[in-house]
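**Q**
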Amino acid sequence: MTYDFKTIEPKWQKIWDEKKAFSAEDKSDKPKFYALVEFPYPSGAGMHVGHIKAYSGLEVVSRKRRMQGYNVLFPIGFDAFGLPTENYAIKTGIHPRKVTDKNIAHFTEQLKQVGFSFDWDRVIDTTDESYYKWTQWIFRKMFDAGLAFRDTALVNYCPSCKVVLSNEDSQGGKCDVCHSDVIQKSKDVWYLRITKYADRLIDGLENVEASASIKQQQVNWIGRSTGAFVNFSISGTDEKLKIYTTRPDTLYGVTFMVMAPEHPLIEKYADRIKNIDDVNAYKAECAKKTEFERTQLVKTKTGVKLEGLCAINPVTKKEVPIYIADYVMMGYGTGAIMAVPAHDQRDFEFAKTFGIDIVQVIKGGDIEKEAFTESGEMINSGFLSGLTTKEESIAKMTAYLEENGIGEAGVQYKMKDWAFNRQRYWGEPIPIIHCKYCGMVGVPYEELPLRLPDVENFEPGTDGESPLAKIPEFVNCKCPKCGRAARRETDTMPQWAGSSWYFLRFIDPHNENALADREKLDYFMPVDWYNGGMEHVTRHVIYSRFWHKFLYDIGVVPCDEPYKKRTAQGLILGPDGEKMSKSRGNVVDPLDVISEHGADVLRTYVLFMGDYTMSAPWSDSSVRGCRRFIERVWGLLFMQKGKGSTEKLESSFHKTVKKVTNDIEQMKFNTAIASMMSLVNEIYETGSLTTDELGTFCRILSPFAPHISEEIWERIGGRGLCSLAQWPEYDESKTVDSTVTVAVQVSGKMKGTIQLPKGCDKDAALAAAKRDEKIASIIEGHDIIKEIFVPDRIVNIVIK
RNA sequence: GCGGGCGUGGCGGAAUUGGCAGACGCGCCGGACUUAGGAUCCGGUGGCUUACCCGUGCAGGUUCAACUCCUGUCGCCCGCACCA
130 MTYDFKTIEP
140 KWQKIWDEKK
150 AFSAEDKSDK
160 PKFYALVEFP
170 YPSGAGMHVG
180 HIKAYSGLEV
190 VSRKRRMQGY
200 NVLFPIGFDA
210 FGLPTENYAI
220 KTGIHPRKVT
230 DKNIAHFTEQ
240 LKQVGFSFDW
250 DRVIDTTDES
260 YYKWTQWIFR
270 KMFDAGLAFR
280 DTALVNYCPS
290 CKVVLSNEDS
300 QGGKCDVCHS
310 DVIQKSKDVW
320 YLRITKYADR
330 LIDGLENVEA
340 SASIKQQQVN
350 WIGRSTGAFV
360 NFSISGTDEK
370 LKIYTTRPDT
380 LYGVTFMVMA
390 PEHPLIEKYA
400 DRIKNIDDVN
410 AYKAECAKKT
420 EFERTQLVKT
430 KTGVKLEGLC
440 AINPVTKKEV
450 PIYIADYVMM
460 GYGTGAIMAV
470 PAHDQRDFEF
480 AKTFGIDIVQ
490 VIKGGDIEKE
500 AFTESGEMIN
510 SGFLSGLTTK
520 EESIAKMTAY
530 LEENGIGEAG
540 VQYKMKDWAF
550 NRQRYWGEPI
560 PIIHCKYCGM
570 VGVPYEELPL
580 RLPDVENFEP
590 GTDGESPLAK
600 IPEFVNCKCP
610 KCGRAARRET
620 DTMPQWAGSS
630 WYFLRFIDPH
640 NENALADREK
650 LDYFMPVDWY
660 NGGMEHVTRH
670 VIYSRFWHKF
680 LYDIGVVPCD
690 EPYKKRTAQG
700 LILGPDGEKM
710 SKSRGNVVDP
720 LDVISEHGAD
730 VLRTYVLFMG
740 DYTMSAPWSD
750 SSVRGCRRFI
760 ERVWGLLFMQ
770 KGKGSTEKLE
780 SSFHKTVKKV
790 TNDIEQMKFN
800 TAIASMMSLV
810 NEIYETGSLT
820 TDELGTFCRI
830 LSPFAPHISE
840 EIWERIGGRG
850 LCSLAQWPEY
860 DESKTVDSTV
870 TVAVQVSGKM
880 KGTIQLPKGC
890 DKDAALAAAK
900 RDEKIASIIE
910 GHDIIKEIFV
920 PDRIVNIVIK
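When you read off a place in the first sequence, starting at 1, and then add 129, the result is the number in the numbering used here.
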């Protein structure tokens, strides 16, 4: 009798839905467990197998914890603002609201077909005005706190999408949405001062449970470095050229200075620079380069000397030339460096190209060939000469700089402030009003949400202007402060806004008076376990930790860190071992798998295919293996029900319950499933099992394959839903065998095994080993040098 | 260049953290049942010159014992990258 998943799976999905089986309680005496998965962007293409794997991990943990008596909050929602929907709207003329609603409905239906135990009463949609009201509210709070500000700066700009991108959205010089080359453009844009939280974002990781790579990637992204700022006088002026260096100890080796081509001092002293035409030509050349060309394709150093401007080395008092070169970035440090060619490879290459002096100040290496970047004894360095540790030299020089007012210790970060706006329609309107008289004024809190107006035309303006700028009714308003005519901000927030606090809204999704009720936040926060993609570790995770720390500072949330534990699932690759992509044609549609094999098979397979945290290729034939497993489980229902089980099978049940219980918590889903497969094989060999045993099996299988578990549970007269039944306990004493197989080695080589009673002592074990015919014949005639015994494991007889 | 990780049968992957390498699944081989099998069930399956011996990318080392620890080396994947 084959398993009819096509009727059984929808049957239970309907029952779970009607009974609201997986709703979390707002208050409960049970311990709480908040499991969070990254809510999807509801794209028109629908669900991807990647979603299934990403959600199945904590789905299994949540289902198990529920059965163990936890009040589990396992929510889902939709991160629906974003460019793809808007681009689709531009192409088809269908309003993004309609597209989004349709996609969400489609996605919801698909998610339900997998049987995920989400709390469907708490679904949120970031594009719903009752949600983005609070996104805007948080922005306003940040504006009030001085954390949201406008600045004119060089920004990453995507000419194709016509939007300003954050650093995080333009990694590798490519637009994150359309992958075209990003250019640098000077523009007046919104920023969030995330750098103010840089130290806390690093230090807070100490209290987060996460793999080394998850933590390290964030630390590297923030990129904290310590060093010093040094002011170099510019000869003949009162001007100081301020630089940042991590190696103030090498100050005596400075033989030239380099400024970024965009450095403001160039314009200020244009009339003193004799070769200003060359300089401007070089600047123009740099401006044309894309970020990619400027950073990725460089082989040789280029630059121009500023004729007529010189800096003075504050310790040697010697004049050193100043260059501009595009290997120095305006966006890091002060946009200018002191160059020490003997001890920095980039400076070395530049000095070689331009024939500049190289002065060695640390002993070691061969500075004819390359810069010596290690530490050693200081030479040619005045009061530092003779010191041998970098730390000491840096400390002494920094102290000198501070005493003489030349410089000071300083910290720099690779992470920049977060460029926080899009010149697009489909995003949260930024709740700010520009008044000629009062400056920037926040939209009053009581007027939030500031609704997105209806428009006909979603095309962005050609000059990087938001479509909202074309709607006079939206733009023209009154200043909330002085009442005079004013203009509304027309930029919208970037996609990351809504996801920066969504986990808080799940706790109280319908609250109209606060982003969430404080008592409920106190109860559910922090998120106990957050699983998502590795690709979000340096963006969404950092962004949301930043927002959360801000909300903590203003007293809105009860904890500093939002996530207690963060894990990441590995990718599912295509059957060819390559990353799945439409262009490669190796994409697997999860709905195809459901219609061919059922949701339980799909769920089991994505967790069985390998280590959850590692990527693994899809294999259709391996899916069939899971299909066979599910069918064999169904077969248990028609197997003879023994009155009493065999002792061996009983022990196997206890062992399996133990293994599954432990493996789930460690995300070792593959081995948990393997052990259940083994148990099923053993039941088939035994030929019968008790109804109780079948009930136990249903319950441990339930987190993985909940539909078939419910059906069998019902047919054997289980009470209530299997999904909410009590998780089975195991008896530790029944998981250990009375006799064990002990390996026997001779001189470290495996020669055979012997059966021994558990806990057998060394003498008895050795005696038994020597009685073994084969062992006896090997050791015969040899001296025994040593005898090693590991209880219940191994006997090793070392002979000469 | 920096940071993180990975190399185990024909394939995906296990291995209680130094103690029987290859669990479980796929594939393959054989058998049963069949008009039939891409269904199901049962058995086998690392290699080999088969009582032996060799096997966890490669070369060494530590140890009674190494996939596991150490040194060196090669290859692959991911993230960041002229960050001063």
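Cβ atoms here follow ideal geometry from the backbone N, Cα and C, with glycine treated the same way.
Is DSSP giving N660 helix, strand or coil here?
**A** Strand, per DSSP.
**Q** Among P560, L283, L370 and W842, which has the Cα closest to the Cα of K609?
**A** Residue 609 is actually Pro in this sequence, not Lys. P609 has its Cα closest to that of P560, out of P560, L283, L370 and W842.
**Q** Would you kindly work out how many angstroms separate the C-alpha atoms of P857 and E814, rounded to a whole number?
**A** Between P857 and E814, the C-alpha separation is close to 23 Å.
**Q** When you compare each of L330, P139 and A183 to M544 by their alpha carbons, which one comes out closest?
**A** Of the listed residues, the one whose Cα sits closest to M544 is L330.
**Q** Measuring alpha carbon to alpha carbon, tell me which residue in K481, F501, K412 and I351 is nearest M458.
**A** Among K481, F501, K412 and I351, the Cα nearest to that of M458 belongs to K412.
**Q** Less than 7 Å between C-beta atoms, sequence neighbours within five positions excluded: which residues of the same chain meet that for A905?
**A** Result list for A905: K899, in chain order.
**Q** Check whether the segment 132-139 and the segment 226-239 are in contact - that is, three or more C-beta pairs closer than 8 Å.
**A** Output reads no: the segment 226-239 does not touch the segment 132-139.
**Q** Inspect the beta-carbon positions of V666 and Q347 and report whether they are closer than 8 Å.
**A** Closer than 8 Å, so yes.
**Q** Could you pull the DSSP bridge partners for S354 from this structure?
**A** S354 pairs with Q541.
**Q** Could you work out which residue in R580, A153 and V178 is closest to S748 when comparing CA atoms only?
**A** That would be V178, whose Cα lies nearest to the Cα of S748.
**Q** Going straight from the alpha carbon of E576 to that of P687, what length do you get?
**A** Near 27 Å, if we compare the C-alpha coordinates of P687 and E576.
**Q** Quick check on the DSSP output: the alpha helix (DSSP H) that includes T502 runs from which residue to which?
**A** No alpha helix (DSSP H) holds T502; DSSP gives it neither H nor E.
**Q** Within the same chain, show all residues whose beta-carbon is closer than 6 Å to that of I758, passing over the 5 residues directly before and after it, in chain order.
**A** The sequence shown places Phe at residue 758, not Ile. Contacts found: M806.
**Q** Quick one: grab the DSSP three-state call for I845.
**A** Here I845 sits in coil by DSSP.
**Q** Taking only runs that begin and end inside the segment 412-475, name each unbroken alpha helix (DSSP H) of 4 or more residues, in chain order.
**A** As far as the segment 412-475 is concerned, its whole alpha helix (DSSP H) runs of at least 4 residues are 420-425.
**Q** Hey, G703 and T742: beta-carbon distance below 8 Å or not?
**A** No, the Cβ-Cβ distance between G703 and T742 is not below 8 Å.
**Q** Between E215 and P204, is the Cβ-Cβ spacing less than 8 Å?
**A** Result no, Cβ atoms of E215 and P204 do not sit closer than 8 Å.
**Q** Starting from the N-terminal side, write out each stretch of the beta strand (DSSP E) that is 3 residues or longer and does not extend beyond the segment 584-624.
**A** Within the segment 584-624, the complete beta strand (DSSP E) runs of at least 3 residues are 605-607 and 614-617.
**Q** Closest to F483 by C-alpha separation, out of K434, H392, A416 and L530, would be which residue?
**A** It is K434 whose Cα lies nearest to the Cα of F483.
**Q** Could you tell me whether the Cβ atoms of V490 and M507 are closer together than 8 Å?
**A** Taking 8 Å as the Cβ cut-off, V490 and M507 qualify as a contacting pair.
**Q** Would you report the Cα separation of T621 and Y261, rounded to the nearest angstrom?
**A** Taking the straight line from one Cα to the other gives about 12 Å.
**Q** Using DSSP with H/G/I as helix, E/B as strand and the rest coil, what is E167?
**A** In the structure shown, E167 sits in coil (DSSP, three-state: anything other than H, G, I, E or B).
**Q** Tell me where the alpha helix (DSSP H) around A643 begins and ends.
**A** From DSSP, A643 is part of no alpha helix (DSSP H); its letter is neither H nor E.
**Q** Please classify K159: does DSSP put it in a helix, a strand, or coil?
**A** Coil.
**Q** Considering just the uninterrupted stretch of the beta strand (DSSP E) at E916, what are its terminal residues?
**A** Run containing E916: I913 to V919, per the beta strand (DSSP E) assignment.
**Q** Per DSSP, which one or two residues make a beta bridge with Q884?
**A** Q884 pairs with T870.
**Q** Where DSSP assigns a beta bridge to C287, which residues make up the other side?
**A** In the DSSP output, where bridge partners are listed per residue, C287 has V292.
**Q** From the DSSP output, in three-state form, read off C567 for me.
**A** The answer is coil: DSSP assigns C567 none of H, G, I, E or B.
**Q** State the Cα-Cα distance for the pair K193 and R922, rounded to the nearest angstrom.
**A** The alpha-carbon atoms of K193 and R922 are separated by roughly 33 Å.
**Q** Helix, strand or coil, according to DSSP, for N791 in the structure here?
**A** If DSSP states are grouped into helix, strand and coil, N791 belongs with the helices.
**Q** So, is V919 buried or exposed, given that buried needs 16 or more other C-beta atoms within 10 angstroms?
**A** Classification for V919: exposed.
**Q** Examine the Cβ distances between the segment 689-699 and the segment 138-157 and report whether three or more of them are shorter than 8 Å.
**A** No, the segment 689-699 does not touch the segment 138-157.
**Q** Any idea what DSSP makes of G536, helix, strand or coil?
**A** Reduced to three states, the DSSP call for G536 is strand.
**Q** Output yes or no for whether 8 Å exceeds the beta carbon distance between G206 and I253.
**A** Contact flag set, yes.
**Q** Once the 5 residues before and after E843 are set aside, which same chain residues still bring their CB inside 8 Å of it?
**A** For E843, where only same-chain residues beyond five positions count, the Cβ hits under 8 Å are C851.
**Q** Determine, using beta carbons only, whether A548 and V293 come nearer to each other than 8 Å.
**A** Yes, the Cβ-Cβ distance between A548 and V293 is below 8 Å.
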